[in-house]
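Under the UniProt record's numbering, the residues of the sequence shown are numbered 1 to 530, in order.
Glycine is no exception: its CB is placed at the ideal position from the N, C-alpha and C atoms.
Okay, structure first, notes after.
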Amino acid sequence: MNQEDPDFLCLFFSSLKLNAKINSFLILSDSKGEVGRTNIIKKENNCIYPDQIVIPFSPDELYVLRLYQVKGDLLEVNLYGKISFSCLEILEGNELKQIEKSLDSNNSSDTLCKIRVRAIPFKDPNSVLCLQLKANKLKNTEKLGKSDPFCVIYRKLKGGEDWHPVARTEVIFNNLDPVWRKLYIPLYKLGIESPEDPLKIVCSSRHVYKTPKLMGEMETSLTQLLDLNEKEFPLIDPDKLKKKKYTNSGTLEIAICYDVGLPTFPELIKQGVNIKIIAGIEFSKRQGTLKKTSSNHSTDSARNIYRKSMESLLSSFDDKLPYDCQIQGYGYCAKWINNEKKSKKEFFGLKNGELDDVTFQNSKELMKAYDEILEEKNLNQNNTTDISEFLQYLIDTHVTKRKNPTDYNIILIFCNNYLGKVKKIQDLVIETSHLPYTILFVPLRKRWIKLDDDNVNTFREIELITNYQNFHFSKVTGDYLLNKKKVYAKRVMADILPYNEFPNFSPDAKSNLFNLIQTYVVEYYYNFFL
(Lines of atoms letter the chains of each structure in order from A and count residues from 1; the text may use other names and numbers.)
(Lines give C-alpha, C1' and ligand atoms only; values in the text may rest on other atoms or scores of the structure.)
Protein backbone atom coordinates (compact mmCIF):
# COMPACT_ATOMS: atom_id res chain seq x y z
CA MET A 1 0.00 0.00 0.00
CA ASN A 2 1.28 3.46 -0.85
CA GLN A 3 1.77 5.97 1.93
CA GLU A 4 -1.14 8.08 0.70
CA ASP A 5 -3.53 5.14 0.40
CA PRO A 6 -6.42 5.12 2.91
CA ASP A 7 -7.13 2.36 5.40
CA PHE A 8 -10.86 2.26 4.64
CA LEU A 9 -13.40 3.36 2.05
CA CYS A 10 -16.95 4.47 2.79
CA LEU A 11 -19.04 3.55 -0.27
CA PHE A 12 -22.18 5.32 -1.51
CA PHE A 13 -24.44 3.89 -4.20
CA SER A 14 -26.97 5.07 -6.77
CA SER A 15 -28.69 3.40 -9.72
CA LEU A 16 -29.29 5.23 -13.00
CA LYS A 17 -31.79 4.76 -15.83
CA LEU A 18 -33.45 1.57 -14.65
CA ASN A 19 -36.00 0.54 -17.25
CA ALA A 20 -38.92 1.04 -14.82
CA LYS A 21 -39.72 2.49 -11.41
CA ILE A 22 -39.00 -0.53 -9.26
CA ASN A 23 -38.53 -1.43 -5.61
CA SER A 24 -34.84 -2.23 -5.28
CA PHE A 25 -31.97 -2.82 -2.88
CA LEU A 26 -28.26 -3.66 -3.16
CA ILE A 27 -26.03 -6.34 -1.66
CA LEU A 28 -22.22 -5.98 -1.71
CA SER A 29 -20.05 -9.11 -1.50
CA ASP A 30 -16.36 -9.92 -1.52
CA SER A 31 -14.59 -13.26 -1.94
CA LYS A 32 -15.65 -14.33 1.58
CA GLY A 33 -19.35 -13.49 1.32
CA GLU A 34 -21.75 -10.63 1.99
CA VAL A 35 -20.19 -7.36 3.20
CA GLY A 36 -23.33 -5.24 3.55
CA ARG A 37 -26.70 -4.32 2.07
CA THR A 38 -28.95 -1.30 1.66
CA ASN A 39 -32.58 -0.88 2.62
CA ILE A 40 -35.30 -1.07 -0.02
CA ILE A 41 -35.92 2.05 -2.13
CA LYS A 42 -39.46 2.14 -3.48
CA LYS A 43 -40.59 2.79 -7.05
CA GLU A 44 -37.61 4.69 -8.44
CA ASN A 45 -35.64 4.29 -11.66
CA ASN A 46 -32.92 6.70 -10.49
CA CYS A 47 -32.17 5.72 -6.89
CA ILE A 48 -29.84 7.31 -4.38
CA TYR A 49 -29.46 4.70 -1.66
CA PRO A 50 -29.13 6.35 1.76
CA ASP A 51 -27.17 3.47 3.27
CA GLN A 52 -23.40 3.39 3.01
CA ILE A 53 -21.02 0.46 3.46
CA VAL A 54 -17.50 0.65 4.91
CA ILE A 55 -14.86 -1.68 3.49
CA PRO A 56 -11.13 -2.04 4.24
CA PHE A 57 -8.88 -0.75 1.48
CA SER A 58 -7.63 -3.86 -0.31
CA PRO A 59 -6.12 -3.26 -3.79
CA ASP A 60 -6.42 -6.92 -4.83
CA GLU A 61 -9.97 -7.61 -3.63
CA LEU A 62 -12.73 -7.82 -6.26
CA TYR A 63 -16.17 -6.74 -5.03
CA VAL A 64 -19.50 -7.75 -6.59
CA LEU A 65 -22.51 -5.45 -6.19
CA ARG A 66 -25.89 -7.06 -6.94
CA LEU A 67 -29.11 -5.14 -7.49
CA TYR A 68 -32.32 -6.95 -6.52
CA GLN A 69 -35.87 -6.09 -7.51
CA VAL A 70 -38.77 -6.52 -5.09
CA LYS A 71 -41.75 -7.24 -7.32
CA GLY A 72 -45.46 -6.62 -6.80
CA ASP A 73 -47.39 -6.38 -3.55
CA LEU A 74 -45.71 -9.50 -2.21
CA LEU A 75 -42.03 -9.70 -1.49
CA GLU A 76 -40.91 -11.70 -4.50
CA VAL A 77 -37.26 -10.88 -4.99
CA ASN A 78 -35.30 -11.36 -8.22
CA LEU A 79 -31.75 -10.54 -9.23
CA TYR A 80 -31.93 -7.51 -11.53
CA GLY A 81 -28.25 -7.21 -12.42
CA LYS A 82 -24.74 -6.87 -11.03
CA ILE A 83 -21.41 -5.10 -11.45
CA SER A 84 -17.90 -5.82 -10.16
CA PHE A 85 -15.15 -3.40 -9.15
CA SER A 86 -11.99 -3.00 -7.09
CA CYS A 87 -10.92 -0.32 -4.62
CA LEU A 88 -8.19 0.97 -6.94
CA GLU A 89 -10.69 1.21 -9.78
CA ILE A 90 -12.80 3.67 -7.78
CA LEU A 91 -9.95 5.79 -6.43
CA GLU A 92 -8.24 6.06 -9.81
CA GLY A 93 -11.47 6.61 -11.78
CA ASN A 94 -11.64 10.42 -11.54
CA GLU A 95 -11.30 13.32 -9.13
CA LEU A 96 -14.72 12.57 -7.62
CA LYS A 97 -13.54 9.05 -6.71
CA GLN A 98 -16.51 7.40 -8.32
CA ILE A 99 -17.26 4.98 -11.14
CA GLU A 100 -20.28 4.21 -13.29
CA LYS A 101 -20.76 0.74 -14.70
CA SER A 102 -23.47 -0.81 -16.84
CA LEU A 103 -25.44 -3.58 -15.21
CA ASP A 104 -24.55 -7.11 -16.24
CA SER A 105 -28.11 -8.32 -16.82
CA ASN A 106 -29.86 -11.08 -18.75
CA ASN A 107 -32.52 -8.60 -19.81
CA SER A 108 -31.67 -6.96 -23.14
CA SER A 109 -33.74 -3.87 -22.21
CA ASP A 110 -31.37 -3.10 -19.33
CA THR A 111 -28.42 -2.06 -21.49
CA LEU A 112 -28.70 1.61 -20.42
CA CYS A 113 -28.97 0.81 -16.71
CA LYS A 114 -25.96 1.80 -14.65
CA ILE A 115 -24.75 1.70 -11.07
CA ARG A 116 -22.67 4.53 -9.63
CA VAL A 117 -20.30 3.81 -6.76
CA ARG A 118 -18.68 6.72 -4.92
CA ALA A 119 -16.01 6.39 -2.24
CA ILE A 120 -14.82 8.55 0.64
CA PRO A 121 -11.34 7.45 1.79
CA PHE A 122 -10.58 7.69 5.49
CA LYS A 123 -8.18 6.31 8.07
CA ASP A 124 -10.18 5.52 11.21
CA PRO A 125 -13.60 3.80 11.03
CA ASN A 126 -13.91 4.11 14.81
CA SER A 127 -13.93 7.91 14.72
CA VAL A 128 -17.23 9.13 16.12
CA LEU A 129 -19.05 12.35 16.88
CA CYS A 130 -19.98 12.66 20.56
CA LEU A 131 -23.04 14.90 20.76
CA GLN A 132 -25.28 15.92 23.64
CA LEU A 133 -28.36 18.07 23.04
CA LYS A 134 -30.33 20.25 25.42
CA ALA A 135 -33.53 22.17 24.62
CA ASN A 136 -34.81 25.28 26.36
CA LYS A 137 -38.36 26.65 26.59
CA LEU A 138 -39.92 24.39 23.97
CA LYS A 139 -43.43 25.33 22.83
CA ASN A 140 -45.92 22.87 24.29
CA THR A 141 -47.90 20.83 21.74
CA GLU A 142 -50.17 19.13 24.28
CA LYS A 143 -53.52 20.36 25.60
CA LEU A 144 -53.11 18.32 28.77
CA GLY A 145 -49.70 18.04 30.39
CA LYS A 146 -46.43 18.73 28.61
CA SER A 147 -44.88 17.42 25.40
CA ASP A 148 -42.65 14.33 25.23
CA PRO A 149 -39.77 15.64 23.07
CA PHE A 150 -37.06 13.79 21.18
CA CYS A 151 -34.58 14.80 18.45
CA VAL A 152 -33.62 13.15 15.16
CA ILE A 153 -30.41 14.08 13.31
CA TYR A 154 -30.55 13.97 9.51
CA ARG A 155 -28.01 14.26 6.72
CA LYS A 156 -28.74 15.32 3.15
CA LEU A 157 -27.98 12.73 0.51
CA LYS A 158 -25.32 13.69 -2.03
CA GLY A 159 -26.98 14.70 -5.28
CA GLY A 160 -30.49 14.62 -3.82
CA GLU A 161 -32.95 16.70 -1.85
CA ASP A 162 -33.98 14.05 0.68
CA TRP A 163 -32.91 14.07 4.31
CA HIS A 164 -31.89 10.70 5.77
CA PRO A 165 -32.08 9.98 9.56
CA VAL A 166 -28.81 8.84 11.13
CA ALA A 167 -29.39 9.08 14.89
CA ARG A 168 -32.15 9.70 17.38
CA THR A 169 -32.24 10.66 21.03
CA GLU A 170 -34.43 8.97 23.60
CA VAL A 171 -37.86 10.41 24.45
CA ILE A 172 -38.00 12.56 27.59
CA PHE A 173 -41.51 12.56 28.97
CA ASN A 174 -43.47 15.60 30.17
CA ASN A 175 -40.58 18.07 29.85
CA LEU A 176 -40.13 21.33 27.91
CA ASP A 177 -36.48 21.77 28.95
CA PRO A 178 -35.09 18.30 28.21
CA VAL A 179 -31.44 17.24 28.43
CA TRP A 180 -30.87 14.11 26.36
CA ARG A 181 -28.15 11.52 26.86
CA LYS A 182 -25.00 11.64 24.77
CA LEU A 183 -25.13 10.30 21.23
CA TYR A 184 -22.12 8.58 19.66
CA ILE A 185 -22.46 8.77 15.87
CA PRO A 186 -19.78 7.18 13.64
CA LEU A 187 -18.61 9.95 11.33
CA TYR A 188 -18.90 7.79 8.23
CA LYS A 189 -22.65 7.42 8.92
CA LEU A 190 -23.01 11.16 8.51
CA GLY A 191 -21.68 10.79 4.96
CA ILE A 192 -19.72 14.00 5.33
CA GLU A 193 -17.15 14.76 2.64
CA SER A 194 -16.81 18.35 3.80
CA PRO A 195 -17.35 19.73 7.34
CA GLU A 196 -19.67 22.27 5.71
CA ASP A 197 -22.10 19.64 4.35
CA PRO A 198 -25.65 20.22 5.63
CA LEU A 199 -27.11 18.46 8.65
CA LYS A 200 -30.53 18.97 10.19
CA ILE A 201 -31.76 18.42 13.74
CA VAL A 202 -35.52 18.03 14.15
CA CYS A 203 -37.23 18.20 17.54
CA SER A 204 -40.64 16.50 17.73
CA SER A 205 -43.14 15.48 20.38
CA ARG A 206 -43.97 11.80 20.66
CA HIS A 207 -47.64 10.86 20.38
CA VAL A 208 -48.90 7.45 21.42
CA TYR A 209 -51.37 6.87 18.59
CA LYS A 210 -50.40 9.56 16.08
CA THR A 211 -47.44 10.66 14.00
CA PRO A 212 -44.92 12.67 16.08
CA LYS A 213 -45.73 16.38 16.02
CA LEU A 214 -43.02 18.79 14.86
CA MET A 215 -41.88 21.22 17.55
CA GLY A 216 -39.03 22.87 15.65
CA GLU A 217 -35.96 22.25 13.49
CA MET A 218 -32.59 23.73 12.64
CA GLU A 219 -30.05 23.27 9.86
CA THR A 220 -26.38 23.14 10.74
CA SER A 221 -23.06 21.55 9.75
CA LEU A 222 -20.27 19.66 11.45
CA THR A 223 -18.16 22.85 11.53
CA GLN A 224 -20.93 24.71 13.30
CA LEU A 225 -21.51 21.92 15.81
CA LEU A 226 -17.82 21.79 16.72
CA ASP A 227 -17.59 25.58 17.09
CA LEU A 228 -17.17 26.21 20.80
CA ASN A 229 -18.30 29.83 20.40
CA GLU A 230 -21.71 28.99 18.96
CA LYS A 231 -23.73 26.70 21.17
CA GLU A 232 -27.42 27.72 21.10
CA PHE A 233 -29.69 27.73 18.05
CA PRO A 234 -33.35 28.67 17.52
CA LEU A 235 -35.77 25.87 16.65
CA ILE A 236 -38.10 26.94 13.84
CA ASP A 237 -41.47 25.50 12.86
CA PRO A 238 -41.82 26.36 9.12
CA ASP A 239 -45.63 26.33 9.35
CA LYS A 240 -45.56 29.17 11.90
CA LEU A 241 -43.15 31.50 10.10
CA LYS A 242 -46.00 33.48 8.54
CA LYS A 243 -47.33 34.49 11.96
CA LYS A 244 -46.36 38.07 12.78
CA LYS A 245 -45.22 37.57 16.37
CA TYR A 246 -43.58 34.19 15.84
CA THR A 247 -39.85 34.08 16.62
CA ASN A 248 -39.07 30.45 17.41
CA SER A 249 -40.36 27.33 19.14
CA GLY A 250 -37.60 27.25 21.72
CA THR A 251 -33.85 26.84 21.45
CA LEU A 252 -31.52 23.89 21.07
CA GLU A 253 -28.23 23.95 22.93
CA ILE A 254 -25.19 21.88 21.96
CA ALA A 255 -24.04 20.82 25.42
CA ILE A 256 -21.15 18.59 24.28
CA CYS A 257 -19.73 17.97 20.83
CA TYR A 258 -16.33 16.56 19.93
CA ASP A 259 -14.65 14.01 17.69
CA VAL A 260 -13.52 10.88 19.54
CA GLY A 261 -12.57 7.27 18.82
CA LEU A 262 -14.27 4.03 19.85
CA PRO A 263 -12.49 1.16 21.62
CA THR A 264 -12.34 -2.21 19.90
CA PHE A 265 -14.38 -5.23 20.92
CA PRO A 266 -11.31 -7.20 22.18
CA GLU A 267 -10.30 -4.19 24.28
CA LEU A 268 -13.72 -4.13 25.91
CA ILE A 269 -13.56 -7.86 26.64
CA LYS A 270 -10.19 -7.32 28.35
CA GLN A 271 -11.76 -4.55 30.43
CA GLY A 272 -14.45 -6.89 31.74
CA VAL A 273 -17.39 -6.73 29.32
CA ASN A 274 -19.18 -10.08 29.27
CA ILE A 275 -21.72 -11.13 26.63
CA LYS A 276 -24.79 -12.95 27.98
CA ILE A 277 -27.09 -14.83 25.59
CA ILE A 278 -30.81 -15.23 26.32
CA ALA A 279 -32.88 -17.45 24.01
CA GLY A 280 -36.67 -17.19 23.99
CA ILE A 281 -38.61 -19.84 22.03
CA GLU A 282 -42.24 -19.45 20.99
CA PHE A 283 -44.49 -22.41 21.87
CA SER A 284 -47.87 -20.95 20.88
CA LYS A 285 -50.49 -23.06 19.13
CA ARG A 286 -49.63 -21.15 15.97
CA GLN A 287 -46.60 -23.42 15.79
CA GLY A 288 -48.76 -26.56 16.05
CA THR A 289 -49.28 -28.75 19.10
CA LEU A 290 -46.29 -30.77 20.23
CA LYS A 291 -48.12 -34.07 19.67
CA LYS A 292 -48.45 -33.52 15.93
CA THR A 293 -45.65 -34.40 13.54
CA SER A 294 -46.65 -31.40 11.39
CA SER A 295 -45.81 -28.99 14.23
CA ASN A 296 -42.91 -26.57 13.84
CA HIS A 297 -41.73 -28.15 17.12
CA SER A 298 -42.02 -31.67 15.75
CA THR A 299 -39.93 -34.44 17.31
CA ASP A 300 -39.02 -35.28 13.73
CA SER A 301 -35.79 -33.28 13.35
CA ALA A 302 -36.32 -33.02 9.59
CA ARG A 303 -39.56 -31.06 10.15
CA ASN A 304 -38.50 -29.00 13.17
CA ILE A 305 -37.48 -25.57 11.83
CA TYR A 306 -36.94 -24.21 15.35
CA ARG A 307 -34.33 -26.79 16.21
CA LYS A 308 -32.42 -26.26 12.97
CA SER A 309 -32.34 -22.50 13.34
CA MET A 310 -31.45 -22.44 17.05
CA GLU A 311 -28.74 -25.06 16.72
CA SER A 312 -27.24 -23.25 13.74
CA LEU A 313 -27.31 -19.76 15.26
CA LEU A 314 -26.57 -20.39 18.94
CA SER A 315 -23.56 -22.55 18.17
CA SER A 316 -21.86 -19.49 16.66
CA PHE A 317 -21.58 -17.96 20.13
CA ASP A 318 -19.91 -21.13 21.41
CA ASP A 319 -17.33 -20.80 18.63
CA LYS A 320 -16.71 -17.05 18.47
CA LEU A 321 -16.75 -15.68 22.02
CA PRO A 322 -13.29 -15.69 23.66
CA TYR A 323 -14.66 -17.33 26.82
CA ASP A 324 -17.15 -20.05 27.83
CA CYS A 325 -20.53 -18.65 26.86
CA GLN A 326 -23.47 -19.26 29.18
CA ILE A 327 -26.92 -19.25 27.60
CA GLN A 328 -30.23 -18.68 29.38
CA GLY A 329 -33.17 -20.55 27.84
CA TYR A 330 -36.92 -19.85 28.05
CA GLY A 331 -40.13 -20.85 26.35
CA TYR A 332 -43.08 -18.49 26.05
CA CYS A 333 -46.76 -18.51 25.01
CA ALA A 334 -47.28 -21.73 26.97
CA LYS A 335 -47.68 -22.89 30.59
CA TRP A 336 -45.65 -25.63 32.24
CA ILE A 337 -48.26 -28.14 33.42
CA ASN A 338 -46.17 -29.82 36.13
CA ASN A 339 -45.24 -26.60 37.91
CA GLU A 340 -48.27 -25.16 39.73
CA LYS A 341 -46.23 -22.40 41.33
CA LYS A 342 -45.31 -20.91 37.97
CA SER A 343 -48.40 -21.99 36.04
CA LYS A 344 -49.97 -18.51 35.95
CA LYS A 345 -47.19 -17.18 33.78
CA GLU A 346 -47.20 -17.98 30.09
CA PHE A 347 -43.45 -18.47 29.99
CA PHE A 348 -41.10 -20.91 31.67
CA GLY A 349 -37.49 -22.00 31.99
CA LEU A 350 -36.36 -24.81 29.72
CA LYS A 351 -35.12 -26.75 32.78
CA ASN A 352 -38.21 -28.35 34.35
CA GLY A 353 -40.19 -25.14 33.94
CA GLU A 354 -38.34 -23.34 36.75
CA LEU A 355 -37.70 -19.63 36.12
CA ASP A 356 -34.80 -19.53 38.58
CA ASP A 357 -32.84 -22.30 36.86
CA VAL A 358 -32.40 -21.33 33.22
CA THR A 359 -28.63 -21.29 32.64
CA PHE A 360 -26.86 -23.68 30.27
CA GLN A 361 -23.11 -23.94 29.80
CA ASN A 362 -23.38 -24.04 26.01
CA SER A 363 -25.86 -24.38 23.16
CA LYS A 364 -25.69 -28.20 23.20
CA GLU A 365 -27.07 -28.31 26.75
CA LEU A 366 -29.89 -25.96 25.78
CA MET A 367 -30.80 -28.06 22.73
CA LYS A 368 -30.87 -31.19 24.92
CA ALA A 369 -33.36 -29.52 27.28
CA TYR A 370 -35.44 -28.41 24.30
CA ASP A 371 -35.57 -31.99 22.96
CA GLU A 372 -36.70 -33.26 26.38
CA ILE A 373 -39.62 -30.81 26.33
CA LEU A 374 -40.71 -32.15 22.96
CA GLU A 375 -40.58 -35.75 24.24
CA GLU A 376 -42.46 -35.06 27.51
CA LYS A 377 -45.13 -32.84 25.89
CA ASN A 378 -46.03 -31.29 29.26
CA LEU A 379 -47.00 -27.83 27.98
CA ASN A 380 -50.36 -26.09 27.85
CA GLN A 381 -49.91 -24.02 24.69
CA ASN A 382 -51.63 -20.67 24.30
CA ASN A 383 -53.16 -19.26 21.12
CA THR A 384 -51.77 -15.73 21.55
CA THR A 385 -48.26 -14.51 20.93
CA ASP A 386 -48.20 -11.25 22.91
CA ILE A 387 -44.70 -11.40 24.36
CA SER A 388 -44.46 -7.96 26.00
CA GLU A 389 -44.84 -9.44 29.51
CA PHE A 390 -42.17 -12.02 28.72
CA LEU A 391 -39.75 -9.35 27.46
CA GLN A 392 -40.48 -7.22 30.52
CA TYR A 393 -39.55 -10.18 32.73
CA LEU A 394 -36.29 -10.80 30.83
CA ILE A 395 -35.25 -7.15 31.06
CA ASP A 396 -36.15 -6.89 34.75
CA THR A 397 -34.40 -10.14 35.67
CA HIS A 398 -31.30 -10.15 33.47
CA VAL A 399 -30.69 -6.53 32.48
CA THR A 400 -31.99 -4.16 35.16
CA LYS A 401 -30.89 -6.44 38.02
CA ARG A 402 -27.68 -7.68 36.43
CA LYS A 403 -24.99 -8.51 38.98
CA ASN A 404 -22.11 -7.29 36.82
CA PRO A 405 -22.53 -3.72 35.46
CA THR A 406 -20.48 -4.66 32.39
CA ASP A 407 -22.72 -7.55 31.31
CA TYR A 408 -24.30 -7.02 27.89
CA ASN A 409 -27.38 -9.15 27.13
CA ILE A 410 -28.27 -10.41 23.67
CA ILE A 411 -31.94 -11.45 23.67
CA LEU A 412 -32.70 -13.76 20.72
CA ILE A 413 -36.41 -14.38 20.15
CA PHE A 414 -37.14 -17.39 17.93
CA CYS A 415 -40.70 -16.77 16.86
CA ASN A 416 -43.49 -16.86 14.32
CA ASN A 417 -44.00 -13.72 12.26
CA TYR A 418 -46.58 -12.20 14.63
CA LEU A 419 -45.69 -10.66 17.99
CA GLY A 420 -49.00 -9.38 19.37
CA LYS A 421 -49.27 -5.96 20.99
CA VAL A 422 -46.36 -4.21 19.34
CA LYS A 423 -47.13 -0.86 20.97
CA LYS A 424 -46.39 -2.33 24.41
CA ILE A 425 -43.09 -3.72 23.13
CA GLN A 426 -42.12 -0.35 21.63
CA ASP A 427 -42.89 1.47 24.90
CA LEU A 428 -40.87 -1.08 26.86
CA VAL A 429 -37.85 -0.66 24.59
CA ILE A 430 -38.05 3.14 24.72
CA GLU A 431 -38.17 3.14 28.51
CA THR A 432 -35.19 0.78 28.79
CA SER A 433 -33.09 2.06 25.88
CA HIS A 434 -30.35 3.21 28.27
CA LEU A 435 -29.71 -0.37 29.43
CA PRO A 436 -27.08 -2.74 27.97
CA TYR A 437 -29.09 -5.14 25.85
CA THR A 438 -30.17 -5.83 22.30
CA ILE A 439 -33.28 -7.68 21.14
CA LEU A 440 -32.98 -9.63 17.90
CA PHE A 441 -36.08 -11.34 16.54
CA VAL A 442 -35.56 -14.40 14.35
CA PRO A 443 -38.89 -15.14 12.60
CA LEU A 444 -39.08 -18.69 11.30
CA ARG A 445 -41.78 -18.66 8.65
CA LYS A 446 -41.40 -18.06 4.93
CA ARG A 447 -44.29 -15.63 4.69
CA TRP A 448 -44.54 -12.70 2.31
CA ILE A 449 -46.21 -9.43 3.23
CA LYS A 450 -47.43 -6.38 1.38
CA LEU A 451 -44.75 -3.75 0.95
CA ASP A 452 -46.40 -0.74 2.56
CA ASP A 453 -45.04 2.81 2.74
CA ASP A 454 -46.18 3.37 6.30
CA ASN A 455 -44.75 0.05 7.43
CA VAL A 456 -41.33 0.70 5.90
CA ASN A 457 -41.18 4.21 7.37
CA THR A 458 -42.22 2.86 10.76
CA PHE A 459 -39.35 0.39 10.64
CA ARG A 460 -36.89 3.18 9.94
CA GLU A 461 -38.22 5.19 12.87
CA ILE A 462 -38.14 2.22 15.24
CA GLU A 463 -34.63 1.33 14.10
CA LEU A 464 -33.60 4.79 15.32
CA ILE A 465 -35.80 4.79 18.40
CA THR A 466 -32.76 4.22 20.62
CA ASN A 467 -29.18 5.28 20.17
CA TYR A 468 -27.90 1.94 19.01
CA GLN A 469 -30.86 0.09 17.52
CA ASN A 470 -31.81 -1.94 20.59
CA PHE A 471 -34.99 -3.06 18.87
CA HIS A 472 -35.27 -4.37 15.33
CA PHE A 473 -35.30 -7.47 13.24
CA SER A 474 -31.83 -8.61 12.30
CA LYS A 475 -30.49 -7.22 9.03
CA VAL A 476 -28.24 -10.27 8.95
CA THR A 477 -31.21 -12.59 8.40
CA GLY A 478 -33.05 -10.11 6.21
CA ASP A 479 -35.84 -9.62 8.77
CA TYR A 480 -37.13 -6.15 9.56
CA LEU A 481 -39.66 -4.71 11.99
CA LEU A 482 -42.81 -3.59 10.19
CA ASN A 483 -45.73 -2.22 12.16
CA LYS A 484 -49.29 -1.07 11.79
CA LYS A 485 -51.42 -3.22 14.04
CA LYS A 486 -49.30 -6.31 13.54
CA VAL A 487 -45.66 -7.13 13.09
CA TYR A 488 -44.59 -9.36 10.24
CA ALA A 489 -41.25 -10.67 9.12
CA LYS A 490 -40.13 -9.27 5.81
CA ARG A 491 -37.97 -11.91 4.16
CA VAL A 492 -36.22 -12.03 0.82
CA MET A 493 -35.54 -15.26 -0.97
CA ALA A 494 -33.25 -17.86 0.59
CA ASP A 495 -30.68 -17.74 -2.21
CA ILE A 496 -30.10 -14.04 -1.45
CA LEU A 497 -30.06 -14.39 2.31
CA PRO A 498 -27.18 -16.02 4.14
CA TYR A 499 -29.34 -19.13 4.62
CA ASN A 500 -27.91 -22.25 3.01
CA GLU A 501 -31.19 -24.10 3.23
CA PHE A 502 -34.01 -22.59 5.25
CA PRO A 503 -33.82 -22.27 8.21
CA ASN A 504 -30.09 -22.96 8.53
CA PHE A 505 -27.68 -20.04 8.81
CA SER A 506 -24.55 -20.04 6.69
CA PRO A 507 -21.11 -19.32 8.21
CA ASP A 508 -21.24 -15.86 6.62
CA ALA A 509 -24.56 -15.12 8.30
CA LYS A 510 -23.28 -16.11 11.72
CA SER A 511 -20.11 -14.09 11.21
CA ASN A 512 -22.11 -11.03 10.13
CA LEU A 513 -24.43 -11.38 13.11
CA PHE A 514 -21.50 -11.55 15.49
CA ASN A 515 -19.95 -8.45 13.89
CA LEU A 516 -23.28 -6.66 14.30
CA ILE A 517 -23.38 -7.55 18.00
CA GLN A 518 -19.81 -6.35 18.46
CA THR A 519 -20.87 -2.98 17.04
CA TYR A 520 -23.73 -2.69 19.55
CA VAL A 521 -21.46 -3.56 22.46
CA VAL A 522 -18.67 -1.18 21.44
CA GLU A 523 -21.00 1.77 20.93
CA TYR A 524 -22.90 1.17 24.18
CA TYR A 525 -19.87 0.77 26.44
CA TYR A 526 -17.92 3.65 24.98
CA ASN A 527 -19.53 5.97 27.50
CA PHE A 528 -19.11 3.44 30.31
CA PHE A 529 -15.32 3.37 30.00
CA LEU A 530 -14.76 7.10 29.41
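- A straight line joining the alpha-carbon of Thr211 with that of Thr289 spans about 40 Å.
- The closest CA to that of Tyr49, considering only Asp30, Lys32 and Ser14, is found on Ser14.
- Beta-bridge annotation (DSSP): Pro56 is paired with Phe8.
- Per DSSP, Gln381 is one residue of the beta strand (DSSP E) stretching across Leu379 to Gln381.
- In the pairwise beta carbon analysis, the stretch 192–204 is classified as touching the stretch 219–227: at least three pairs are separated by under 8 Å.
- Annotation: the stretch 20–91 contains the following complete segments of the alpha helix (DSSP H) (minimum length 4 residues), in chain order: 87–91.
- Pairing Pro322 with Pro405 gives a Cβ-Cβ distance that is not under 9 Å.
- Around Lys43, the same chain offers Lys21, Ile22 and Asn23 as residues with beta carbons nearer than 8 Å, after the five sequence neighbours per side are excluded.
- The continuous stretches of alpha helix (DSSP H) do not include Asp148, and DSSP gives it neither H nor E.
- A check of alpha carbon separations from Phe348 across Ser309, Lys101, Ala279 and Asp148 identifies Ala279 as the nearest.
- Between Glu142 and Val429, the alpha-carbon positions lie close to 23 Å from each other.
- The beta-bridge partner set that DSSP reports for Trp336 consists of Leu379.
- Gln132 and Ile185 have their C-alpha atoms roughly 11 Å apart.
- Pro234: member of the beta strand (DSSP E) spanning Glu232 to Pro234, first to last residue.
- Leu133: member of the beta strand (DSSP E) spanning Ser127 to Asn136, first to last residue.
- For Ser249, the secondary structure class from DSSP, reduced to helix, strand or coil, is coil.
- In terms of CA proximity to Lys231, Ile256 leads the group Ile256, His207, Thr247 and Lys240.
- Taking Thr293 as reference, the option from Ile172, Lys17 and Leu374 with the minimal CA-CA separation is Leu374.
- For Ser102, the enclosing beta strand (DSSP E) starts and ends at Gln98 to Ser102.
- Around the C-beta of Asn383, fewer than 16 other C-beta atoms lie within 10 Å, and the residue is accordingly described as exposed.
- Contact check between the stretch 234–246 and the stretch 160–178: fewer than three CB pairs, one atom from each, fall below 8 Å, which does not count as touching.
- The stretch 57–72 and the stretch 80–88 touch, with no fewer than 3 CB-CB distances between them shorter than 8 Å.
- Burial of Asn296 is indicated by the presence of at least 16 other C-beta atoms within 10 angstroms of its C-beta.
- Between Thr169 and Leu183 the beta-carbon gap is near 7 Å, inside 8 Å, which marks them as a contact.
- Gln326 counts as buried, since at least 16 other C-beta atoms from the protein chains shown sit within 10 angstroms of its C-beta.
- In the DSSP assignment, the residues bridged to Ala279 are Gly329 and Leu412.
- Thr438 is classed as buried because its beta carbon has at least 16 other beta carbons within 10 Å across all chains shown.
- Apart from sequence neighbours up to five positions away, the residues of its chain that approach Lys285 with a beta-carbon distance below 6 Å are Gln381 and Asn383, ordered along the chain.
- In this structure, DSSP gives Pro212 a state outside helix and strand, which the three-state scheme calls coil.
- Excluding residues up to 5 positions away in sequence, Asp386 and Ser388 lie with their Cβ nearer than 8 Å to the Cβ of Lys424 in the same chain.
- Taking a C-beta distance under 9 Å as the contact criterion, Lys137 and Thr251 qualify as a contact pair.
- DSSP, reduced to helix, strand and coil, places Ser204 within a strand of the structure shown.
- Annotation for Lys189: the continuous alpha helix (DSSP H) segment containing it runs Leu187 to Leu190.
- Shown here for Val171: same chain residues with a beta carbon closer than 7 Å to its own, the five before and five after excluded, namely Asp148, Phe150, Arg206 and Ile430 in chain order.
- Check the Cα spacing between Leu391 and each of Cys47, Leu412 and Ser127: the tightest is with Leu412.
- Boundaries around Phe122 are those of the beta strand (DSSP E), Lys114 to Phe122, since no alpha helix (DSSP H) includes it.
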